[in-house]
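Numbering (our numbering), first residue to last: 665 to 803. The C-beta atom is built at its ideal place from N, Cα and C for all residues, glycine as well. Only a predicted model underlies this, so the values are computations on that prediction, with no experimental measurement involved.
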Amino acid sequence: MPTSTLLKLGPFTFSIETAAFNQLQRAWSFDWSEQKRLGTIPQLQYTGEGQQTINLSGSVFPGQYGAIDTVAQMAQLGRQGRPLLLIAGTGDLLNYWSITNVEQTNSYLDQYGQPRKIDFSLSIRYYGDHYEVSNETGR
Numbered sequence: 665m666p667t668s669t670l671l672k673l674g675p676f677t678f679s680i681e682t683a684a685f686n687q688l689q690r691a692w693s694f695d696w697s698e699q700k701r702l703g704t705i706p707q708l709q710y711t712g713e714g715q716q717t718i719n720l721s722g723s724v725f726p727g728q729y730g731a732i733d734t735v736a737q738m739a740q741l742g743r744q745g746r747p748l749l750l751i752a753g754t755g756d757l758l759n760y761w762s763i764t765n766v767e768q769t770n771s772y773l774d775q776y777g778q779p780r781k782i783d784f785s786l787s788i789r790y791y792g793d794h795y796e797v798s799n800e801t802g803r
């Protein structure tokens, strides 16, 4: 992995040269079930971990940093319907994640309608620590 790699999601590399994110938001949820009790208020019972999500937002500057189709490449990975291995720029393995949403906003259009700046947002959800490809579906 090049030293400028911020994050790698499957085959896609987030870096200063491709798609640099300026914000990474990670959230963990925890599940609690309400247990009714006679003559008093309900009590909560911990039932386990909920979902983990990561939201990345950043910008691409076609011709300088990244390409015009950089965000489309992210969306194409989501269309494949497969969990992707997430690796931090430090080399830490963050297991498998699924792309749930990709957004793109074009701005500073040139005379041909091509954006000079593309803002993106990518949402991924934790899949698990392993992923097995099914022979029947290829997924």
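Going by other Cβ atoms of all chains shown within 10 Å of its Cβ, with 16 needed for buried, is lysine 700 buried or exposed?
-> Looking up residue 700 in the sequence shown gives position 36. Per the 10 Å Cβ criterion, exposed.
Along the beta strand (DSSP E) that carries alanine 736, what are the first and last residues, could you check?
-> Walking along the sequence shown from the start, residue 736 turns up at place 72. Not the beta strand (DSSP E): alanine 736 falls in the alpha helix (DSSP H), residues 734–743.
Nearest CA to the CA of glutamine 716: which residue from Gly755, Arg789, Asn759, Asp793?
-> One-based indexing of the sequence shown puts residue 716 at position 52. Of the candidates Gly755, Arg789, Asn759, Asp793, the one whose C-alpha sits nearest the C-alpha of glutamine 716 is Arg789.
Tell me whether the beta-carbon of isoleucine 763 lies closer than 8 Å to the beta-carbon of glycine 730.
-> As a position in the sequence shown, residue 763 is number 99, starting the count at 1. As a position in the sequence shown, residue 730 is number 66, starting the count at 1. No, they are not a contact pair.
Cβ contact check for the stretch 717–727 and the stretch 778–792: 3 or more pairs under 8 Å = The stretch 717–727 vs the stretch 778–792: in contact.
Could you tell me which uninterrupted alpha helix (DSSP H) segments, each at least 4 residues in length, are contained entirely in the stretch 673–717, listed from first to last along the chain?
-> The stretch 673–717 contains no whole alpha helix (DSSP H) run of 4 or more residues.
Which residues in the same chain have their Cβ closer than 7 Å to the Cβ of phenylalanine 725, if we skip the five residues on either side of it in sequence?
-> Here residue 725 refers to the residue found at position 61 when the sequence shown is read from its first residue. Hits under 7 Å: Arg780, Lys781.
Assigned secondary structure, asparagine 668 (DSSP; H/G/I helix, E/B strand, else coil) = Start at 1 with the first residue of the sequence shown, and residue 668 comes out as number 4. Before going further, note that residue 668 is serine rather than asparagine in the sequence given. Residue state, collapsed to three classes: coil.
Top-ranked residue by Cα proximity to serine 697, from Leu749, Arg746, Gly745, Pro706 | Start at 1 with the first residue of the sequence shown, and residue 697 comes out as number 33. Ranking Leu749, Arg746, Gly745, Pro706 by Cα distance to serine 697 puts Pro706 first.
Can you check DSSP and say which residues form a bridge with arginine 789?
-> Position 125 of the sequence shown holds residue 789. Beta-bridge analysis with DSSP links arginine 789 to Thr717, Ser762.
Where does valine 724 fall in DSSP's three states?
-> Here residue 724 corresponds to residue number 60 of the sequence shown, with the count starting at 1. Strand.
Quick one: give me the first and last residue of the beta strand (DSSP E) that alanine 752 is part of.
-> Counted from its first residue, the sequence shown places residue 752 at position 88. Per DSSP, alanine 752 belongs to the beta strand (DSSP E) from 748–752.
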